[in-house]
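K.L.:
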Amino acid sequence: MVELERVGCDDYGTSPVRTQASETTGPSHYSHYSAILVGMHCPFCQNPDTKVVDTRLNEDGHSIRRRRECPKCGKRFTTVETSMLLVMKRSGNIEPFDREKVVSGVRKACQGRPINEDDLKLLGQKVEEDLRSRGLAQVKSDEVGRAILGPLRDLDEVAYLRFASVYQNFEGLDDFESAISELKRNKNAA
Numbered sequence: 030m031v032e033l034e035r036v037g038c039d040d041y042g043t044s045p046v047r048t049q050a051s052e053t054t055g056p057s058h059y060s061h062y063s064a065i066l067v068g069m070h071c072p073f074c075q076n077p078d079t080k081v082v083d084t085r086l087n088e089d090g091h092s093i094r095r096r097r098e099c100p101k102c103g104k105r106f107t108t109v110e111t112s113m114l115l116v117m118k119r120s121g122n123i124e125p126f127d128r129e130k131v132v133s134g135v136r137k138a139c140q141g142r143p144i145n146e147d148d149l150k151l152l153g154q155k156v157e158e159d160l161r162s163r164g165l166a167q168v169k170s171d172e173v174g175r176a177i178l179g180p181l182r183d184l185d186e187v188a189y190l191r192f193a194s195v196y197q198n199f200e201g202l203d204d205f206e207s208a209i210s211e212l213k214r215n216k217n218a219a
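Numbering (the working numbering), first residue to last: 30 to 219.
#1: Measure the alpha-carbon distance for Gly-121 versus Leu-152 and round it to whole angstroms.
#2: What do you reckon, are the CB atoms on Arg-94 and Thr-108 nearer than 9 Å?
#3: Helix or strand or just coil, what does DSSP make of Leu-115?
#4: Using only the alpha-carbon positions, how far apart do Gln-75 and Asp-185 sit?
#5: Which residue or residues does DSSP assign as beta-bridge partners of Gln-167?
#6: Taking contact to mean 3 or more Cβ pairs, one atom from each stretch, closer than 8 Å, check whether the region 110-121 and the region 168-187 are in contact.
#7: Measure the CB-CB distance between Leu-190 and Ile-209 and report whether it falls below 9 Å.
#8: Where does Cys-71 land, buried or exposed, given buried means 16+ other C-beta within 10 angstroms?
#9: Based on Cα-Cα distance, which residue from Ser-194, Val-187, Pro-77 and Gly-164 lies nearest to Arg-12?
#10: If we count the other Cβ atoms within 10 Å of its Cβ and call it buried at 16 or more, is Cys-139 buried or exposed?
#11: In whole angstroms, give me the CA-to-CA distance for Arg-97 and Leu-149.
#12: Output needed for Ala-219: all residues of its chain with C-beta closer than 6 Å, excluding positions within five of it in sequence on either side, in chain order.
#13: When the Cα atoms are used, what is the spatial distance from Pro-56 to Pro-77?
#14: When you compare only the Cα positions, how much space is there between Lys-101 and Leu-86?
#15: Whose CA, out of His-91, Glu-88, Arg-142 and Phe-106, lies closest to the CA of Val-81?
#16: Grab me the residues of Gly-164's own chain with a C-beta within less than 8 Å of its C-beta, minus the 5 sequence neighbours each way, in chain order.
#17: Under the three-state reduction of DSSP, which class applies to Glu-88: helix, strand or coil?
Below you can see the structure in the form of structure tokens.
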């Protein structure tokens, strides 16, 4: 298997796009699709022009799978393209969004609570979907923290208070009492 990774921009030039290509063997059932020329280099012969013979949205809904063929060497390969969500840290550094970092940060607040790993993974997915739905290529780390609060509150109120106390920098009992009062108001309103 040959793997190739390329980072470029989406069709609008705004969102970074990560592309992975890998060779697959066996008969192809993509020949009935019309092919178009695009600027993806062949991972085998480095030909700069390859044909897209099939494009499909992946099951995750956040990536596109393209079956490609090189007109020069005749080999076929598959690329998976995903848009990168970038996070600007408080330090000014920019790094790719990492769902596992969200889960890891929340896991500490959930210690000793009746929350399983699947619940945490679902929370991480909800946070990522919320951030991606904003249509931005880059978000601030504070926005990631705020995006965690809602799903975590719905999952477990104690874990929410633990996380909020660190994230919102609680300084004393008044901050906890205020957060608890807000939880009670939201519960009564629902």
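The C-beta atom is built at its ideal place from N, Cα and C for all residues, glycine as well. Just so you know, these numbers come straight off a predicted model, no measurement behind them.
P.N.:
The relevant details are as follows:
#1: 26 Å
#2: yes
#3: strand
#4: Those two C-alpha atoms are separated by around 52 Å.
#5: Leu-115
#6: yes
#7: yes
#8: Looking at its Cβ environment, which holds 16 or more other Cβ atoms inside 10 Å, Cys-71 is buried.
#9: In this structure the chain extends from 30 to 219, so residue 12 is not present and cannot be described.
#10: buried
#11: 36 Å
#12: none
#13: Only weak support is given to the placement of Pro-56: the predicted model assigns it a pLDDT of 35, under 50, and the question is left unresolved by the model.
#14: 27 Å
#15: Phe-106
#16: The beta carbon of Gly-164 sits closer than 8 Å to none of the beta carbons in its chain outside the five residues before and after it.
#17: In the structure shown, Glu-88 sits in coil (DSSP, three-state: anything other than H, G, I, E or B).
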